[in-house]
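Numbering (full-length UniProt numbering), first residue to last: 1 to 680.
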């Protein structure tokens, strides 16, 4: 590595001697400034960092706006799970609330003179505005701004209870921490140029991507789920996932052998390919990048997983390097040196070997007009693989991180011009190197949970450090779809029904997105997450005793609460508030492709929720026990009145529009502003 850097530095000097004008640029005052070899060597790593930061701003925008559009119905004073019950500011101080919830929203009511719901609304709206600025102007993506976004989302998450308990929420929090580290501290042109420390912060992003993908693949097999071991998971997945798209309907109709091959491909992309993230050769990293992006796009098209897959694509930016942003020299591309021939041969050999062993261990063979596949290893064999892969991947991570830190130190000493600049750069990389090592260390606790023995072997100080920081979600354990649902005959669905007489007739509430009406086509709503529809999917997998929010939903519908009714399909709501409500459990299946009249077929299984009325004493007592019927804090101030007017105006403006349409339109508007500013 030192020799390569020395050679490249010499080449830079030669180029700049021949063309001295390329060494200079002009600052805002019009004075010429010299760009040293550090800028020339790593001139485009800053572009990778900036792309990551801007992508993170996009994800924050989607997340904040999606939550804002649902705050009143989910967390409002008369919402399903009022935030006032989480804050409890009527019975305790803001300081006591903050100590319990670690949310700045605890202080907002008293500071600004607004209630709990309005405080949460304001936090989501401010987060939306700040992230929008980050999208439009990369110079707004500085550390203080990224820190503000993280604090706002962290504060919302901590009081969001069950409707924010998703892996992508904690993934965004961890990615947000890395965004703060990657971002420059001041919004100047010079601050957004490449810095040696960028290599460290982007390595941490890469490590997060590795843990996310590798764990997602491993848990599918360690769970012991027969569908993952039998390669039949996709036979159920497209039909039973939370909110399928129309394309999922057609994917479900594919031949079983092709769906099994898709499971093999999933294992390849999630378990084997992530190790290429740390390869020293760009061919391997580029190969892994393309596969990951294509994999995420396929999930986006067939499943409504909000911003989750888009965030994963943003993390994939860390697989790029400065060479990916350079214009290729046609002459140099034609002349292959021995080293380049070796690199290409070695890289393609590794890719070939990875494919060969995938075919071998998953029994992929061509059988006439189809491709058959069957896992050829046993559970004990996979456990042996994990016993090696987890500790070796930790060693690989540590070695590549240390190598990256040493590389940044060398760059600071050799390529940065000026003694003072060298000192600043060196101190910066040492500080960020220590932070990087600290973050890497605490990630080992949740990551090593993939292998019990490795986890138990971790030193106690590492466990203590993780325990003390876990409440801030600096790192978390990941792994989706451990076990496939709906293997016993379709997806369970809770259907809410209403009537004005106990003897009926009973009619159904229609949700905006989840399956209900069998003739209603599945919708595409990425990056919006309708959190009520998502939780209805989880409710169907349990009982109403485990879902108190569902009882609260029933009570609010019996009250005719407008904010809660707006979370449903308002075009199908009853004109008058019904007297009774109940819920039934159905089994839904996709129809075959030949049955064009309906998308779904269903069968009623049993009662899910008993019949309630708004005056049902046990129901009212239950709502009181949850604290949902208690009055909210209502401080008064002239500032608060002005803020409330603004919040009411914004809410009235967005309320008529479908959430996913509003999010799409807002993002297109931001992109249009960027494009227009570039053109004019």
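Virtual Cβ for every residue (Gly too), placed ideally from N, Cα, C. Treat the numbers as computed from the prediction; the structure is a model and nothing was measured.
At a Cβ-Cβ threshold of 8 angstroms, residue 413 and residue 426 count as neighbours.
Pairing residue 216 with residue 480 gives a Cβ-Cβ distance under 8 angstroms.
With respect to residue 639, residue 127 sits apart: the two C-beta atoms are not nearer than 8 angstroms. With contact defined as three or more Cβ pairs closer than 8 angstroms, the segment 66 to 78 and the segment 659 to 667 are in contact. Scanning its chain for C-beta atoms nearer than 8 angstroms, with the 5 sequence neighbours on each side dropped, one finds around residue 142 the residues 183, 184, 185, 186, 187 and 191, in chain order. Closest in C-alpha terms to residue 493, from the list 595, 534 and 359, comes 534. Note that the C-beta distance between residue 354 and residue 272 is below 8 angstroms.
DSSP, read as helix, strand or coil, puts residue 568 in strand. Below 8 angstroms, enough C-beta pairs join the segment 300 to 310 and the segment 520 to 534 to call them touching: three or more. Within the same chain, 370 and 371 come within 8 angstroms of residue 258 by CB-CB distance, once the 5 residues on both sides are set aside.
Annotated three-state conformation of residue 556 is helix, per DSSP. Relative to residue 438, the option among 654, 164, 200 and 145 whose CA is nearest is 200. Between residue 364 and residue 48, the C-beta spacing is not below 8 angstroms.
Comparing alpha carbon positions, the residue from 582, 442, 574 and 598 closest to residue 519 is 598. Sixteen is the threshold: since fewer than 16 other Cβ atoms of the shown chains lie within 10 Å of the Cβ of residue 677, the residue is exposed. Here the segment 279 to 295 does not lie against the segment 218 to 236, with fewer than 3 beta-carbon pairs under 8 angstroms apart. Rounded to the nearest whole angstrom, the CA to CA distance from residue 548 to residue 432 is 45 angstroms.
DSSP lists 370 as the bridge partner or partners of residue 367. Residue 436 places its beta carbon less than 8 angstroms from that of residue 203. Distances from the alpha-carbon of residue 584 to those of 562, 102, 607 and 631 put 607 closest. By the C-beta criterion, the segment 389 to 409 is judged not to be in contact with the segment 154 to 174, since fewer than 3 inter-stretch pairs fall below 8 angstroms.
Here residue 417 carries a coil assignment [DSSP, helix/strand/coil].
Per DSSP, residue 600 is one residue of the beta strand (DSSP E) stretching across 600 to 613. Assigned with DSSP and collapsed to three states, residue 526 falls in coil, not helix or strand. In the DSSP assignment, residue 589 falls within the beta strand (DSSP E) that extends over 580 to 590. Nearest C-alpha to residue 54 among 179, 63 and 251: 179. Cβ-Cβ distances below 6 angstroms link residue 60 to 131 and 149 in the same chain, with the five nearest sequence neighbours on each side left out; the list follows chain order. A check of alpha carbon separations from residue 166 across 82, 242, 151 and 628 identifies 242 as the nearest. By the criterion of a C-beta distance shorter than 8 angstroms, residue 255 is surrounded in its chain by 370, once the five residues flanking it on both sides are discounted. No Cβ-Cβ contact shorter than 8 angstroms links residue 502 with residue 555.
A Cβ-Cβ distance of about 5 angstroms is found for the pair residue 252 and residue 590, placing them in contact under the 8 angstroms criterion. Listed in chain order, the non-local C-beta contacts of residue 613 below 7 angstroms within the same chain comprise 558, 579 and 580, local neighbours out to five positions each way being set aside. Counting only the Cα atoms, residue 263 lies some 25 angstroms from residue 446. At a Cβ-Cβ threshold of 8 angstroms, residue 240 and residue 76 do not count as neighbours.
Between residue 50 and residue 138, the gap from beta carbon to beta carbon is short of 8 angstroms. For residue 86, the enclosing alpha helix (DSSP H) covers residues 83 to 87.
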